[in-house]
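Residue numbers (this note's numbering): 225 to 585.
Read through the structure below, which is laid out as structure tokens, and then see the notes.
And the structure:
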């Protein structure tokens with residue numbers, strides 16, 4: 225029998241979000257219903273509300289979530305009711321050319337639940353990133369549920385579902401940061417700060433934070449940066465080179481997604497160094513670099529999508545590190561809020577005075 229729950233819906237481009245009654249169907253084959261315990265408020269949700277992703281309104285927002293499996297559909301064997309899970313938006317298929325080559329983190333055929341959640345009048349909802357977790361319960365593909373240690377609190381565990389995983393993965397999985405490396409992170413919001421924590425976890429010797437906000441740089445230093453550069457005061461390329469013996473950083477992570485900061489990242493890396501783009505650009509943005517510089521500097525220019533993560537591998541490992549006191553996921557939680565406060569959380573996010581607001585249900 226379908227269940228009726230409360231959820232946050234974006235009705236139209238730029239319109240304030242609304243608390244509405246959501247109809248969640250029984251899970252079909254390969255699907256699961258999850259009772260959401262906590263969900264972070266991510267910039268991607270705001271992009272959905274503003275129509276920056278697509279125009280498939282109304283959207284059921286929320287995707288950075290953890291909760292407990294409520295029901296499972298036919299053929300589901302990897303999870304069971306009562307399991308504590310983190311939701312992900314990359315349920316791998318196991319059959320595409322990437323999966324068959326042993327690289328499921330690059331799966332080219334990820335999927336979501338086939339059924340649609342609706343409003344009470346039957347209007348179909350588009351769940352953000354195939355999840356829709358600003359709701360008391362949501363319907364997902366079973367492969368979007370990753371079991372982790374239930375000793376972790378939901379409000380911190382759920383953050384691995386998107387932004388924190390993107391940053392940590394950009395450093396460890398994509399950038400390959402290793403012991404003794406020098407790392408520069410341009411943009412110290414949630415993703416950039418997670419990249420700083422990931423670099424520290426990987427054993428980087430020097431971690432240079434770059435931002436235009438003094439407050440964000442202070443936070444970055446608290447989370448593991450060894451140096452901070454305010455790019456409104458100093459040229460970040462010159463300063464990064466100065467801090468790395470005139471050479472540039474081994475790995476530069478661009479967590480802004482703008483042409484000018486990407487160019488800074490390109491010229492702030494050492495010869496044969498690595499640039500990782502994890503900031504998300506808009507479709508109109510373009511970059512122009514001398515091709516001779518691209519050739520002559522060597523190294524790698526990489527993009528990191530979801531931190532090149534494999535949820536079944538990475539989520540349990542990072543939760544274990546958190547429970548061991550080696551990865552402070554709680555440092556990202558600025559405030560916990562109710563469903564009704566999501567619109568205010570968007571305003572605080574836009575003002576830049578939170579790392580993460582987390583809805584607790």
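All C-beta atoms, glycine included, are put in the ideal place defined by N, C-alpha and C.
Asked                                                                                                          : Found
Classification of residue 463 by the beta-carbon crowding that lies within 10 angstroms, buried from 16 upward : buried
Whole-Å CB distance - residue 357 paired with residue 276, under 8 Å assumed                                   : Incorrect: roughly 19 Å between the Cβ atoms, too far for contact.
Strand pairing of residue 361, partner residues [DSSP]                                                         : 259
Minimum C-alpha distance to residue 418 - residue among 244, 523, 502                                          : 502
Helix, strand or coil at residue 232 [DSSP, three-state]                                                       : strand
Whole-angstrom distance between residue 461 and residue 429, CA atom to CA atom                                : 19 Å
Stretch pair the region 324-341 + the region 261-268: three plus CB contacts closer than 8 Å                   : no
Which residues DSSP lists as bridging residue 291, in chain order                                              : 260, 309
Distance between residue 433 and residue 297 (C-alpha atoms, nearest Å)                                        : 46 Å
Cβ neighbour criterion (16 or more within 10 Å) applied to residue 319                                         : exposed
Beta-carbon proximity check, residue 241 vs residue 442, cutoff 8 Å                                            : no
Beta-carbon separation (whole angstroms), residue 237 vs residue 281, contact threshold 8 Å                    : 7 Å
Member of 379, 373, 231, 377 whose CA lies at the smallest distance from the CA of residue 344                 : 231
Run of the alpha helix (DSSP H) containing residue 497, from where it starts to where it stops                 : Per DSSP, residue 497 belongs to no alpha helix (DSSP H); it is in the beta strand (DSSP E), 493-501.
Residue 435 - partner residues in DSSP beta bridges                                                            : 454
Residue 368, DSSP secondary structure in three states                                                          : helix
Any 3 or more C-beta pairs closer than 8 Å across the region 357-373 and the region 389-406                    : no
Residue 465 versus residue 295 - alpha carbon distance                                                         : 54 Å
The region 487-495 in contact with the region 516-527 per 3-pair CB rule at 8 Å                                : yes
Beta bridge counterpart(s) of residue 553 as assigned by DSSP                                                  : Answer is none; residue 553 lacks a bridge partner.
Pair within 8 Å by beta-carbon distance, residue 362 and residue 312                                           : no
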